[in-house]
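Going by the working numbering, 390 is the number at position 159 of the sequence shown; the sequence numbering is gapless.
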Amino acid sequence: MKRQRNRGRVVAAVLAAVCAAAALPGQAHAAGPGVYAFDPEAKKVQGATANVEASELDEGVPYRSTIRPGEKLYYRVTLDEVSAAYVSAVAVPGDSGKAAYGDGINVSLRETDDTQCSSQRANFGSGEYARPIAAYVSRTIKESSATCQESGQYDVLVERESKETSNSDAWDLELRFLQEPRLKSGSSMPTEGPGSWPSASAKPLTGKQQKRSGGAGFSEATSLENGRWQDTVAPGQTRFYRVPVDWGQQIHATAGLSNSTGATGGFVGNALTLSLDNPAQGHVSDATLSYSGGPASASLRPLPPVAYRNRFDPSTQVSAMRFAGWYYLSVSLSPKLKESYGDEPIPFELAVQVKNDAGTSPYEGDAGVFGVTDQDREVARKGKNAREAARSGPMTVVAAAGIGTGSVLVLGLGVWTLLARRRAVGAPAPGSPAVGGHRPPQGR
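Put into structure tokens, the structure is as follows:
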């Protein structure tokens, strides 16, 4: 009986640990203002002030770094001669202090002789409040280009721009290096921009509104499909979502902030920012709204359908719609609302529409993050966040617990091994001593 009680205690402890861990994804969704969920697999890397001392970033591996005001930090990547390449930087300021107009980061990709391949700047804009912002750089393969086409090492330079009146704390950086899959052999791809495309605004969605809570970072972005989605956002907080957009498809999004049901206050300019980033976490577009306590909405301007040829357009918004995959939407609320409307979260609706049938991938084999699968569409239908979806599969029950698969396996194997050993000892007949005087192991 004592052995059975001990066995029951061990199993109960495992179940309790798994059940407790299952709350973690929900806790991530409930992250407070200023809290950003970094990719749990991110490796620490230190930027170098001298390019020859730069640490190399491996393809597909997320990294974490930091940057202070005025710093110029180098990282390094190795490119082949046939693949389009992308390096993204997500700047994550803390929730203290203020940001001035124009504060942000500039990211550039350069040959080691300092020849610039591309650059992109991300800043907080006229909202003047700190929030996660993303920028990316690319190496596009062009037959007509003589620069940045060869294989070898390239520098990634991240520069932070901050006014003297801005907060001087270091910002965190989340870095990622990706290479686009190779094109199908013998395929002939366009070498010019799209010229024209359907640019009419989408009609307002009808139908039932559903609740779906956003994540606290790109790695926890909540998956969405077409529909009207309700959530809340607190002053100083950013909510992240992601939508599968395939080749030939066009995304539309609108964020509508509810009227204030509590405190009443005055006018707040650029109170909410709706942003769109592409599968390489490169910024595409954003829209802002001002707030006076009544309902207000902001819509992304119409963007072109996803197409390979978009990359050759001079407009950065059009160029960013260059590949299929998960597109990220984020909703940020200015901390200035706290002064007039309190710090309670305000309800909002995020309306998402993806139009057109899916086209054919131009890649050879698996498209990776630059494609949309039937499983992705199912994930969007179910509303799983990015981390939950990555862990789904044969270990779905364990993954839903929200703790590392390795930790669960070690814990589970340890428990079953312990129980197996106890069974191997052999339970003595009722009233008889243990064989050889051996006492079964005692539970902790």
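Think of the CB as a built atom: it goes at the ideal place given N, C-alpha and C, for glycine as much as any other residue. The model shown is predicted, which means the values in this text are computed figures rather than measured ones.
Short Cβ contact (8 Å threshold) for G488 with L560 = Note that residue 488 is Leu in the sequence shown here, rather than Gly. The beta carbons of L488 and L560 sit no closer together than 8 Å.
Beta carbon of S296 nearer than 8 Å to that of L404:
For the 8 Å CB-CB criterion, S296 and L404 form a contact.
* To do: Just grab the DSSP bridge partners of F579 for me.
  => D462 and L488
Residue range of the alpha helix (DSSP H) that includes Q548: T547 to S550
Considering only DSSP beta bridges, list what F471 is partnered with. G446 and S561
Item to check | Best match in K613, N354, G596 and E451 for proximity to D517 [C-alpha to C-alpha] | outcome: N354
Point to revise | Cβ pair T463, I577 closer than 8 Å | key: yes
Which class does S571 belong to by DSSP, given the choice of helix, strand or coil? helix
- Y539 by DSSP, collapsed to three states: which one? The three-state reading of DSSP puts Y539 in helix, counting H, G and I together.
Q: Please classify G596: is it buried, with 16 or more other beta-carbons within 10 angstroms of its beta-carbon, or exposed?
A: exposed
Whose CA, out of S399, R608 and R407, lies closest to the CA of R307? R407
Determine the contact status of T495 and G467, defining contact as a CB-CB distance below 8 Å. no
Review point. Three-state secondary structure (DSSP) at D334?
Key: coil
On the CB-based measure, 16 or more other CB atoms within 10 Å of its CB, does M552 come out buried or exposed? buried
Drop a sphere of 10 angstroms on the beta-carbon of G513, count the other beta-carbons inside from all chains shown, and report buried for 16 or more, exposed for fewer. buried
- Task: Pull up the DSSP beta-bridge partners for K303, would you.
- Result: Its beta-bridge partners are E390.
Output needed for S397: all residues of its chain with C-beta closer than 6 Å, excluding positions within five of it in sequence on either side, in chain order. The residues are A330, A331 and D334.
*When DSSP labels each residue in this structure, what does P659 get in the three-state scheme?*
Its pLDDT being 43, under 50, P659 is placed unreliably in this model, and the value from its coordinates should be taken loosely. It is coil, neither helix nor strand.
inquiry  = Can you find the residues in the same chain that come closer than 6 Å, C-beta to C-beta, to V603, ignoring five residues on each side of it along the sequence?
reply    = P475, D477 and A555
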